[in-house]
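Chains as they are written, first to last, in this note's numbering: chain A, 2 to 812; chain B, 43 to 247; chain C, 43 to 511.
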Amino acid sequence: MPDSQPNAVSVTINGTQIEAEAGELVIAAADRNGVHIPRFCYHERMSSVGMCRMCLVEVDTGRGPMLQPSCMISVTDGMIVDTESDQTKRAQEGILEFLLINHPLDCPVCDKGGECPLQDQTVAYGPGESRFIEEKRHYEKPIPISDLVHLDRERCILCDRCTRFADEVAGDPLIQFTERGNETQVLTFPNEPFSSYFSGNTVQICPVGALTAAPYRFKARPWDLEQVESTCTTCSVGCRVAVQSSRNELVRYLGVDIDPVNHGWLCDKGRFDFEAIKSPNRLETPLIRDPNDKDQLIETTWGAALAASADAIKEARSGKIGVIGGSRLTNEDAYAWAKLAGSVIGTNNVDAQLGDGLPGKVVLGLPGATIDEACSADTVLVIGPDLKEELPILHLRLRGAAKKKKVKVVEITPLQTGVSSYAHRSIVCRSGEAAKTLKSLLTSDDELSQEIRSGSVVVILGRSSLAESALPAIEVASVITEELPKAKFLVALRRGNVRGAIDMGLSPGLLPGRVPLENPNDEIKKIWAKVPTVEGLDTAGMLRAAADGQLDVLILVGADPLVDFPDQDLANRGLRGAKFVVAIDNFPTLSVANADVVLPATAYGEKGGTTTNIEGRVSRLAQLVTSPSAARDDWMIASELAWRLGGDLKFSSMEEIWSEIEQVAPSHNGITLEKIWADETRDGILITETSIQLAIEPSGETPVVDGYGLRLISGRKLYDAGTQTSNCASLSALAQDAELRVNPTELERLGIQDGSEVTIISTKATGVAIAIADESIPRGTAVLPFNNPGIRANLFINSELPVTDIRIETR
Amino acid sequence: MTFFTEENLELAHEIIGRYPKQRSAMIPLLHLAQEQSGWVTEEAMKQIGVLVGTSSAEVLGTCSFYEMFKRHEVGKYVVNICTTMSCALLGAEELLEHAETRLGIKAGSTTSDGLFTLEGAECQAACTEAPCLQVNYRHQYRVTPSDFDQLIDELADPNNEETPRHGVLAQIRQHIPVERSVGAVHPDLVNVPPVWIEEKKEANS
Amino acid sequence: MTELGIPIPHAPGFIANKTPRIVTSRFDYEDSFTIERYEETGGYQGLRTALSKTPEAVHGEVRDASLLGRGGAGFPAGVKWGFCPPGVWPRYLVVNGDESEPGTYKDRLLMELDPHQLIEGCLIACYAIGLSQCFLYVRGEMAVAQERIAQALNEAYAAGYIGKNILGTELSVDIVLHWGAGAYVVGEETALIESLEGNRGMPRLKPPYFPASIGLYGQPTIVNNVETLSNLPWILSNGSEAFKAIGTETSPGTRMVAVSGHVKRPGVYEIVNGTTTFRDLIYGETMCGGIRNDAALKAFVPGGGSAPWFTADQLDLPFEASQVGPEGSMLGSGAIMVMDETTDIPAAALTLTKFYAHESCGKCVPCREGGTWLEQIMRRVVNGSGTKRDLDLLIEVGETICPGDFPHASNKEKGLSAVPFPYKMTTICFVGPSAFAPVHSALTLFREEFEAKVAGNSDRNYVEVTINA
């Protein structure tokens, strides 16, 4: 990537004069002008190493033509480049012959065959024959270098792409060249596998079949694949992906390089979680509570299930209905559900979040920043979840920017995170007290304070711990608004389309299009049968109301509050308290098992539409396969329910929904589905307009420690016991068992042995976990992953309090 | 996770402290590890990774690049016979063959008593004294087969203390006295010329 | 005083002759490496002289001396120093003591026998261009050199020559002894820097960066050879004019040359630069004294294993780069390897090709794959199982590493006219081409010896490849 100012220079490539940017590499300038120079090691998102020598071209800068690696040479004014000269061709043929002398000819059984740069460039630029008669190099093949990636060292051409990626991009230098010269080989350290969250990218960028992905090995031939570009919804970063299927089955996702978001990279969870979609655990038919055995759910028809649901809703007291969930939905689905709730049922008890994010009004009201803005700000303040665990590609982008010294990352966190490794300053605060720490930093005479104040600032804001309520994060927003009024925010919400669902009005107090409930626009009044006027309850409110007998019907749209709501006790009481629970889902989750009616929904790749990422960027979701069962799209279910409730959502296709969104949602006016879906709209469309005026009322209170000993900190891990991960054969084993991590001095103080079982006691529950001594955990705190196999943190968390403290005892 | 002895760990920290970036101490620490145990163990590489702030894989990558680092046990004496041109012109091949016969092993292996590892080696910067060899990286010049036999006899003598065992290189260490040391500074923390330089004049020259 | 032409027992290989001695003057003393002897013999006077001048004046003195780098490339040191971009700090000095080019033996002598001279040279360089720390990188396989330098550094620190406020002046420099671990390629200056940073010693991208602008830790870095730096105390003490009075205008001073192989008195000689001829060296009475057994000279490698070979036709060329280059080779690192008429030329060439193939770092494909392939073909030719086709194949494989005409010497007998040095290459550094150089020279100058080796072997059933007809 050229760093210099766009200073145009004139270069001649193959006789044609082109304009290039001073400092731009010859190979990049050629690419931009449609001249392909063959290459193996060069990758536009990584630094050049000049290793493979495949991109040698003849370059003349006035001293006669010389063979030069075009990935190393920057353009200069008047430079003459010949990529097709006899010298160039000879070099290309020679390099390919060299590369092939030790490359096995196992192309017929190689996953890369058919899409292999070595194969393709041999056809295009190779000599056609080999003069090598010696024995090729031999290695044991393939060897697993992680649970997901296999390495075939015979096929490897040592281009340094994977090793460079691991070190430079991912920051996980767990694979490295070993040995030397002709015996050089990529390897991991013995018993230290390449367990990077980003390992799958190395498979994608490998120019040969040396690295293969365990979930894809021998699954398909490239020429049999169907492919469509889409957006990943595993988290809310919104990475562009190419979704590939074979025989109506998803087999592979590949990262697609778009500038504003993922630069071609994917995290391994996003890359491999397609396995869940074809999981045998998928819900295939509607279920209903067995009238003869209340503990059983039995199969039923769509008609019966929908009728039972509609009846329950009709029977419910007015306003005593709530809809929880929405982040799994497409924008169109979310709009349909918002319309069903508001226009047909007449309630604003809607919440796409499960008490694990920030209020919708805060999300939409804070001045927004894009990922690019975050990666080019003078300072990025990260006060929120561990980005590496929750929004991995945002972490990768930020890391890249920090490493290139384009941005200074300052983190305020209750414990070390993935960000700490590249933060300019990582300030440890007591959980729940980030605002206080931030305030004292900004008002101190610390040099850093001056540096932050004197430049542009983007705040990546979220929940540092799910054992904290949203209040501490709102406090932070309040301090920022006061001290750094020009700062912009990127709100770190995790779930797939949570931002889109909020945009569509699935958040109390909001209407579709980032409009406050109290100020509906004319279009919505025209189109909706009725528009709610009373602000509804959020998820916590709905669960509390249900627990108190104040809510009759709870509809879970892709929501599993028993697992995902931070306070399992309240979720449990809520589900039991509601008279009737309808669950629409892909999988039989814990909450689904507690429903009265279960409706199977189509999943990713089985439906088209649009999705919105954390920045507010709308991009397309593609359908590539059909649902294997009777599952239906979520919007259809909303539509049918509306009809049975005597209403009419008045649309019969995803396209019709979008055109209604376009009318009703002022922020989305003029953004047609055609535009979003156009192939040239790879970047998606960023929507910045909002009608929400944020008024933060700082509570001014700092949570106090109660009599219990350790403040609980809980965050999500990339691989956890969540529905998606646990239904992927390749990923589920990667979720580590939940352990309680505590500073060794605390364990010593309590007389607890490292690695022994302890009893965790909170005001909510008592449970057992293994306690691990961990130097990196601040004293006075205890860290338990939110949802890892073994024991869930939401057993212990009291969502009514700003923070949760626990006590631990030996067993 | 503790490979280094207390004494060597202290030395390791002293070595790391001499460099503006700690990773530069990687090769010196690998030598120190080899000095401690005669070869470089996995435990050593792991601890060096921690000491210089990188992954064990990176340490392995560096370690395996350099021939002097042995990642398996070798003899007390590693005998390297130069086989590059100047020595080859004056009988290196014959000397190596003789050595193989004398020691009863092929080049690249170790005698069963663990005393000698024999290697065919590359140029040792003693070309005028061909054929030459090194025992634990100490030279022997113009070696005839009978010189070789005599050398082996001397080394095999348990009382021989002249040549330190494999892993030990320089027996004199550099120690920078604290009061004389300027100290290593991370390059990011410096952006002005040293005091004896007046930048303006230099820019003009 | 040491007798001329007689080896000195405590300086194995070194042979004194009539030449003025700039860098080897103390080799006569058994205790040449001690600080006492060094101070007694004018040691650290060059540094004192330097400190009495401005840094620019010292830089100017070195530039005026036209001191050519003694590591192999022969680039003027004073000019190289000037490549440090102004305003970028800190700057470092890295001393290249990784002597390992086949045939080369001089830096080790300087490190073992006169370490203080080297240290003084380092300090002068640091003073002249504001280098704030010096790393003295010694080859790993030189235990004695490491010991002598460690001892010398400890002595010099104690005596106030190194460290804070050297000799009471503002000059404050640390010199850190660092040694390698066995990798020839690390002698290449960018690989040396990689190695010093704790990495695999793989050469860095070139062009466009040279260490003087982006070197150690990305900072301006001067990489100088041991012999180059060892000249500095003398130049500062005696002045650039005195230095230039020795040798020629374009190649002033002396240089150390190792002559090995089939000569009567192989040894390391300090010779007058620019005027001494190969004949002087190989046949001179106080030098090598001729070929062993008074046999005929078949060929010699004039500048280290990487250099294309010369024959008797080139004996009268002087040690002057501007004359040796056009004749098809280079002076390199001052290493001459002599082959008499009994030499098995293909076998001799193989020892070098094997060396470079083995020492390839593995980065560039042409070197990693091509070097080993060349070695494999050479092996079967040498052991008698090659074919005539293999001889052409050697050249064809080499051409992918070094496209175009490869330099070679003229040969009157064969009607060959010289192809001038240097060559083009598809690799980053010279290791790959160096694997080909001996093959090319041997095949060009002595093809009949190769043909004899493969005579009678029928060609394999190759598929003929037409490259870009």
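C-beta atoms are modelled at their ideal positions from N, C-alpha and C, and glycine is treated no differently.
Keep in mind that this is a model prediction, so the values were computed, not measured.
Open item on the list: Give me, in chain order, the residues of the same chain whose beta-carbon lies closer than 6 Å to that of G309 of chain C; leave out the 5 immediate sequence neighbours on both sides.
Closed with: Within the third sequence, residue 309 of chain C is the residue found at index 267, counting from 1. Closer than 6 Å at the Cβ level, and outside the excluded window around G309 of chain C, lie G55, I57.
Open item on the list: What are the residues in the segment 419 to 437 of chain C lying within 7 Å of chain A by C-beta distance?
Closed with: L435
TODO: Determine the direct distance from the alpha carbon of I556 of chain A to that of V598 of chain A, and round the result to whole angstroms.
DONE: Mapped onto the first sequence, residue 598 of chain A falls at position 597. Mapped onto the first sequence, residue 556 of chain A falls at position 555. When rounded, the distance between both Cα atoms is 10 Å.
- [ ] Please check if any C-beta of chain B sits within less than 9 Å of the C-beta of T211 of chain C.
- [x] On the third sequence, residue 211 of chain C is found 169 positions in, with the first residue counted as 1. For T211 of chain C, the answer is yes, since a Cβ of chain B falls inside 9 Å of its Cβ.
- [ ] List the residues of chain A whose Cβ lies closer than 8 Å to the Cβ of S106 of chain B, in chain order.
- [x] Here residue 106 of chain B refers to the residue found at position 64 of the second sequence. The answer, in chain order, is T179, E180, R181.
Open item on the list: Please identify, using Cβ separations under 9 Å, the residues of the segment 212 to 227 of chain B that lie next to chain C, in order along the chain.
Closed with: A212, Q213, I214, R215, Q216, H217, I218, P219, E221, R222, S223, V224, G225, A226, V227
Open item on the list: I'd like the list of long-range same chain contacts for D269 of chain A, defined as Cβ closer than 7 Å, with 5 residues on each side in sequence excluded.
Closed with: Counted from its first residue, the first sequence places residue 269 of chain A at position 268. Excluding sequence neighbours, D269 of chain A sits near L149, Y198, F199, S200, G201.
TODO: Could you work out which residues of chain A lie near L51 of chain B, taking near to mean beta carbons separated by less than 8 Å?
DONE: On the second sequence, position 9 is the one that residue 51 of chain B refers to. In chain order: nothing, as chain A lies at least about 18 Å away.
TODO: Answer yes or no: do S466 of chain A and S432 of chain A have a C-beta to C-beta separation smaller than 9 Å?
DONE: Mapped onto the first sequence, residue 466 of chain A falls at position 465. Mapped onto the first sequence, residue 432 of chain A falls at position 431. In this structure, S432 of chain A lies closer than 9 Å to S466 of chain A by Cβ.
Open item on the list: Tell me the DSSP secondary structure of K340 of chain C in three-state form.
Closed with: Here residue 340 of chain C corresponds to residue number 298 of the third sequence, with the count starting at 1. In the structure shown, K340 of chain C sits in a strand (DSSP, three-state: E or B).
TODO: Could you check what DSSP says for P223 of chain A in three-state terms: helix, strand or coil?
DONE: The count along the first sequence starts at 1 and reaches residue 223 of chain A at position 222. Here P223 of chain A sits in helix by DSSP.
Task: Backbone secondary structure at L231 of chain B - three-state DSSP - done: What you label residue 231 of chain B is simply residue 189 of the second sequence in a count that begins at 1. Three-state DSSP puts L231 of chain B in a helix.
TODO: Could you run through the segment 141 to 169 of chain A and flag, in chain order, every residue whose CB is less than 7 Å away from some CB of chain C?
DONE: L159
Task: First through last residue of the beta strand (DSSP E) which encompasses Y325 of chain C - done: Position 283 of the third sequence holds residue 325 of chain C. Per DSSP, Y325 of chain C belongs to no beta strand (DSSP E); it is in the alpha helix (DSSP H), 320 to 325.
Open item on the list: Can you give me the C-alpha to C-alpha distance between F787 of chain A and H151 of chain A, rounded to a whole angstrom?
Closed with: Mapped onto the first sequence, residue 787 of chain A falls at position 786. Mapped onto the first sequence, residue 151 of chain A falls at position 150. One C-alpha to the other measures close to 31 Å.
Task: chain C contact for L100 of chain A (CB, 9 Å cutoff) - done: As a first step, residue 100 of chain A must be located in the first sequence, where it is residue number 99. For L100 of chain A, the answer is yes, since a Cβ of chain C falls inside 9 Å of its Cβ.
Open item on the list: Tell me which residues share the same chain as K430 of chain C and place their Cβ nearer than 8 Å to its Cβ, disregarding the 5 neighbours each side in the sequence.
Closed with: Within the third sequence, residue 430 of chain C is the residue found at index 388, counting from 1. So the qualifying residues of the chain are E493, V496, N499, D501.
- [ ] Can you say whether T811 of chain A is buried or exposed, counting buried as having 16 or more other CB atoms within 10 angstroms of its CB?
- [x] The count along the first sequence starts at 1 and reaches residue 811 of chain A at position 810. It counts as exposed.
Open item on the list: For L101 of chain A, which residues in the same chain have their Cβ closer than 7 Å to its Cβ, ignoring the five residues on either side in sequence?
Closed with: For the purposes of this step, residue 101 of chain A is identified with residue 100 of the first sequence, where counting begins at 1. Same-chain partners within the cutoff: T123, S131.
- [ ] Take the Cβ of V120 of chain B as the centre, count every other Cβ of all protein chains shown within 10 Å, and call the residue buried at 16 or more, exposed below.
- [x] Here residue 120 of chain B corresponds to residue number 78 of the second sequence, with the count starting at 1. Result: buried.
Task: When C:S94, C:N267, C:Y80 are compared against R150 of chain C, the one with the closest alpha-carbon - done: Within the third sequence, residue 150 of chain C is the residue found at index 108, counting from 1. It is C:N267.
- [ ] Could you tell me whether the Cβ atoms of L397 of chain A and V459 of chain A are closer together than 9 Å?
- [x] Numbered from 1 along the first sequence, position 396 holds the residue referred to as residue 397 of chain A. Numbered from 1 along the first sequence, position 458 holds the residue referred to as residue 459 of chain A. Against a cut-off of 9 Å, the Cβ pair of V459 of chain A and L397 of chain A comes out as no contact.
Task: Local conformation of M127 of chain B per DSSP, three classes - done: Within the second sequence, residue 127 of chain B is the residue found at index 85, counting from 1. If DSSP states are grouped into helix, strand and coil, M127 of chain B belongs with the helices.
TODO: Starting from the N-terminal side, write out each stretch of the alpha helix (DSSP H) that is 4 residues or longer and does not extend beyond the segment 567 to 637 of chain A.
DONE: 569 to 578
TODO: Can you tell me the Cβ-Cβ gap for V439 of chain C and L458 of chain C, rounded? I've got them flagged as a contact below 8 Å.
DONE: Counting from one through the third sequence, the residue named residue 439 of chain C turns up at place 397. Counting from one through the third sequence, the residue named residue 458 of chain C turns up at place 416. Not a contact, Cβ separation roughly 21 Å.
Open item on the list: Along the chain, where does the alpha helix (DSSP H) containing D338 of chain A start, and where does it finish?
Closed with: The residue labelled residue 338 of chain A in the question sits at position 337 within the first sequence. The question names Asp, yet the displayed sequence has Trp at residue 338 of chain A. Here the alpha helix (DSSP H) through W338 of chain A covers 332 to 340.
TODO: Could you give the DSSP three-state label for P449 of chain C: helix, strand or coil?
DONE: As a working mapping, residue 449 of chain C is identified with position 407 in the third sequence. If DSSP states are grouped into helix, strand and coil, P449 of chain C belongs with coil.
TODO: Identify, in the order they occur along the chain, each residue of the same chain with its Cβ nearer than 8 Å to the Cβ of W529 of chain A, setting aside the five sequence neighbours on each side.
DONE: Looking up residue 529 of chain A in the first sequence gives position 528. K340, G343, S344, V665.
Open item on the list: I'd like the list of long-range same chain contacts for S800 of chain A, defined as Cβ closer than 8 Å, with 5 residues on each side in sequence excluded.
Closed with: Stepping through the first sequence from its first residue, residue 800 of chain A is reached at position 799. Hits under 8 Å: G356, S470, A541, F566, P567, D568, L571.
Task: Same chain, Cβ closer than 6 Å to A639 of chain A, neighbours up to 5 away in sequence not counted - done: For this step, residue 639 of chain A is matched to residue 638 along the first sequence. Around A639 of chain A: A337, W338, L341.
Open item on the list: G404 of chain C and L365 of chain A - do their beta-carbons sit closer together than 9 Å?
Closed with: Residue 365 of chain A sits at position 364 when you count from the first residue of the first sequence. Residue 404 of chain C sits at position 362 when you count from the first residue of the third sequence. Result no, Cβ atoms of L365 of chain A and G404 of chain C do not sit closer than 9 Å.
- [ ] Could you check if A783 of chain A is buried or exposed, using at least 16 other CB atoms within 10 Å of its CB as the buried criterion?
- [x] On the first sequence, position 782 is the one that residue 783 of chain A refers to. Burial call: buried.
TODO: Would you identify the three-state DSSP class for I14 of chain A, choosing helix, strand or coil?
DONE: To locate residue 14 of chain A, count along the first sequence from 1; it is residue 13. Correct three-state label for I14 of chain A: strand.
Open item on the list: Please confirm whether Y226 of chain C has its beta-carbon closer than 9 Å to some beta-carbon of chain B.
Closed with: Taking the third sequence and counting its residues from 1, the one referred to as residue 226 of chain C is at position 184. Y226 of chain C counts as touching chain B.
Task: Contact set between the segment 151 to 169 of chain B and chain D, restricted to residues whose Cβ is under 7 Å from the partner - done: Reference to chain D is not applicable here, since the protein chains of this structure are A, B and C.
Task: Short Cβ contact (9 Å threshold) for R156 of chain A with V209 of chain A - done: Numbered from 1 along the first sequence, position 155 holds the residue referred to as residue 156 of chain A. Numbered from 1 along the first sequence, position 208 holds the residue referred to as residue 209 of chain A. Cβ atoms of R156 of chain A and V209 of chain A: closer than 9 Å.
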